[in-house]
Amino acid sequence: MIKLGFPSLSTSIGQIPIEEAANIACEVIKEFLNSHKNDLDFQLILIDQDDQNLNVFESEWEKFRDSEESRFQMKLGNFAEIIIENKIGLKPDTTPLSKSLYEAIGSKLFEEIKRLYPKPGAIGEAYPVPIPPDNEFWKKGVKQIIYIISPNMNPSRPDPVSLEVAKNALKESYQSMLNAFWALKNGQQYIPKEQQSQEKSAFDVMMDFARNTFSTSKPKKKSSSTHIGSWSTVLLPYCEHPETFSNREVYSYDDNVVIIWDKYPKAKIHLLVMPRQKIDTLQELEKQDLNLIEILKQKGQQVIDHFKENDPKLVFRMGFHVLPSLRQLHMHVISQDFISETLSSKKHWNSFTTSFFKDIEEIEMLLKEKGQIKVCLGKYLLSLLKSPLNCHLCNTKEIKNIPTLKKHLEEHLNSDGQ
DNA sequence: GTTCTAGAAC
DNA sequence: GTTCTAGAAC
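Mapped onto the working numbering, the consecutive letters of the first sequence carry residue numbers 1 to 418.
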């Protein structure tokens with residue numbers, strides 16, 4: 001059970017009227033709970049010292065909730081104390097809360113926020129900050145802060161805004177908070193919007209390069225003459241210069257291996273483990289590369305161990321697509337829930353659940369015994385990608401379409417999850 | 001690898 | 001009418 005503790009945003013020093021704020025908060029929370037109807041594995045806990053504020057929230061929540069709902073609760077008391085008591089995530093603030101938090105966490109965490117987000121953040125956006133493992137809070141079971149910049153109406157504080165502006169921004173603040181919580185709960189990265197637009201991804205940098213290099217001097221029409229197949233080399237920069245990427249893209253690297261977050265994850269946890277040396281495909285491997293395979297296997301296992309520490313229920317596979325779309329040998333480390341917004345096609349599904357996917361152990365064995373990885377007929381492999389949608393966990397065959405498959409996967413998550 | 005979208009499927 | 005998939009992308 002993962003919990004999120006949060007205060008009533010912007011209603012103390014921020015001076016948004018509590019009735020207006022509670023209405024907005026409850027609306028967003030209700031929307032969030034509705035859109036995750038099948039997931040009962042989390043709790044949102046509003047914490048406030050003031051019982052009158054809580055009363056307003058409670059009566060507001062009565063208007064929104066349509067049934068018994070244990071996933072949203074309200075608690076009266078000291079923020080930091082309740083956070084520790086309940087082992088839940090939290091949000092620091094520049095308001096009276098900060099005092100109790102500062103005393104509980106110390107200045108290190110605030111330095112960490114500055115280090116991760118040196119530029120001023122945007123109002124309404126959420127900025128996740130992992131709590132350092134040597135911190136008291138971590139030891140007490142609180143692993144993550146979501147730093148939120150919520151709007152201010154107080155004229156004696158920086159950047160005061162009107163009620164109308166504040167209401168919109170408050171809604172965004174709650175939405176960002178819950179989106180960040182959802183991402184973190186699922187082991188995914190939450191990237192604040194500002195950071196997304198300012199930081200170009202490897203792909204963007206590469207596409208810019210390709211356009212400038214290969215486009216003719218003609219005025220640009222739509223996507224004029226992007227070099228054919230340039231997308232297929234997107235993985236190379238990670239192997240050549242992993243140090244130039246943020247930890248939102250590169251999970252870790254050393255002299256031999258770089259591990260990146262899959263840009264379009266097909267499951268809750270989905271990373272790619274690649275050798276630093278240029279190796280195009282499985283077919284290039286020889287017997288002497290067995291030690292490299294061993295390294296990839298070890299690194300992949302470390303990743304798995306790391307994620308299982310937080311969620312022991314996760315099941316993983318690590319292996320390769322026999323006919324990958326991207327250049328540079330890359331081993332998928334992917335959790336078997338396949339819960340992901342970016343899993344959207346039959347091809348995606350079949351590439352991980354048919355023999356189009358080869359486990360690292362099979363590759364290792366083939367290399368040992370045959371000294372090479374032979375690919376059978378391309379025609380056959382491509383036909384695998386068009387196979388009917390069969391469940392990888394139970395006997396359900398020929399699932400009608402992707403949305404139905406996704407519902408089926410949600411059911412597995414809920415029934416097998418415990 | 002994704003995005004986009006026409007037309008098939010419902 | 002809307003949802004969903006399959007195939008082109010110069």
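Yeah, the Cβ is synthetic: ideal placement off N, Cα and C, and Gly gets one too.
Note that the structure is a prediction, hence the values are computed from the model and not measured.
{"Item": "Backbone CA spacing between Pro403 and Glu136 [nearest angstrom]", "Value": "44 Å"}
{"Item": "Same chain, Cβ closer than 8 Å to Glu398, neighbours up to 5 away in sequence not counted", "Value": "Pro388, Leu389, Asn390"}
{"Item": "Unbroken alpha helix (DSSP H) run spanning Trp231, endpoints", "Value": "Unbroken run through Trp231: none, as it is neither H nor E."}
{"Item": "Supposed close pair Ser8, Asp48 - CB separation, criterion 8 Å", "Value": "6 Å"}
{"Item": "Distance CB(Ile339)-CB(Ile293) smaller than 8 Å", "Value": "no"}
{"Item": "Arg115 in three-state terms, based on DSSP", "Value": "helix"}
{"Item": "Alpha helix (DSSP H) segments (min. 4 residues) lying fully within the region 334 to 379", "Value": "346 to 353, 360 to 370"}
{"Item": "Every unbroken alpha helix (DSSP H) within the region 35 to 80, with a cutoff of 4 residues, ordered by chain", "Value": "51 to 64"}
{"Item": "Buried or exposed by the 16-neighbour rule on C-beta atoms within 10 Å, applied to Lys37", "Value": "exposed"}
{"Item": "Distance, Pro192 Cα to Lys299 Cα", "Value": "29 Å"}
{"Item": "Straight-line Cα distance separating Ile149 from Leu343", "Value": "32 Å"}
{"Item": "Whole alpha helix (DSSP H) elements within the region 133 to 176, 4-residue minimum", "Value": "136 to 139"}
{"Item": "Nearest neighbour of Leu323, chosen from Asp337, Asp280, Gln302 [CA to CA]", "Value": "Asp280"}
{"Item": "Buried versus exposed, by CB contacts within 10 Å (16 or more), Asn53", "Value": "buried"}
{"Item": "Thr353 classed as buried or exposed, judged by whether at least 16 other C-beta atoms fall within 10 angstroms", "Value": "buried"}
{"Item": "Same chain only: Cβ atoms within 8 Å of Met1, ignoring 5 sequence neighbours per side", "Value": "Asp41, Phe42, Gln43"}
{"Item": "Cβ neighbour criterion (16 or more within 10 Å) applied to Lys185", "Value": "buried"}
{"Item": "Alpha carbon of Ala210 to alpha carbon of Glu249, nearest angstrom", "Value": "Note that Ala210 scores a pLDDT of 43, beneath 50, so its modelled location is shaky and nothing firm can be said."}
{"Item": "Nonlocal neighbours in the same chain, by C-beta distance under 6 Å from Asp51, ignoring five residues either side", "Value": "Leu76"}
{"Item": "Paired residues, beta bridge with Pro128 - DSSP", "Value": "Ile146"}
{"Item": "Assigned exposure category for Tyr264 - 16 Cβ within 10 Å defines buried", "Value": "exposed"}
{"Item": "Same chain, Cβ closer than 7 Å to His321, five either side skipped, listed in chain order", "Value": "Ser351, Phe356, Phe357"}
{"Item": "Alpha-carbon spacing of Arg317 relative to Met274, whole angstroms", "Value": "16 Å"}
{"Item": "Where Gly378 falls, given that 16 or more other Cβ within 10 Å makes a residue buried", "Value": "exposed"}
{"Item": "Alpha-carbon to alpha-carbon, Lys140 and Leu271", "Value": "29 Å"}
{"Item": "Residues that DSSP places opposite His321 in a beta bridge", "Value": "Phe357"}
{"Item": "Beta-carbon gap between Val257 and Ile295 smaller than 8 Å", "Value": "yes"}
{"Item": "Same chain, Cβ closer than 7 Å to Phe307, neighbours up to 5 away in sequence not counted", "Value": "Gly187, Ile269, Leu314"}
{"Item": "Whole-number beta carbon distance between Ala126 and Asn179, since they are thought to touch under 8 Å", "Value": "7 Å"}
{"Item": "Status (buried if at least 16 other CB within 10 Å, exposed otherwise) for His330", "Value": "buried"}
{"Item": "Check whether Pro151 and Ser173 have beta carbons under 8 Å apart", "Value": "yes"}
{"Item": "8 Å Cβ cutoff met for Ile373 and Lys297", "Value": "no"}
{"Item": "CA nearest to the CA of Asn168, picked from Trp231, Gly124, Asn247", "Value": "Gly124"}
{"Item": "Asn247 versus Ala183: straight-line alpha-carbon distance, rounded", "Value": "16 Å"}
{"Item": "Buried versus exposed call for Cys26 [16 or more other C-beta atoms within 10 Å across all chains shown]", "Value": "buried"}
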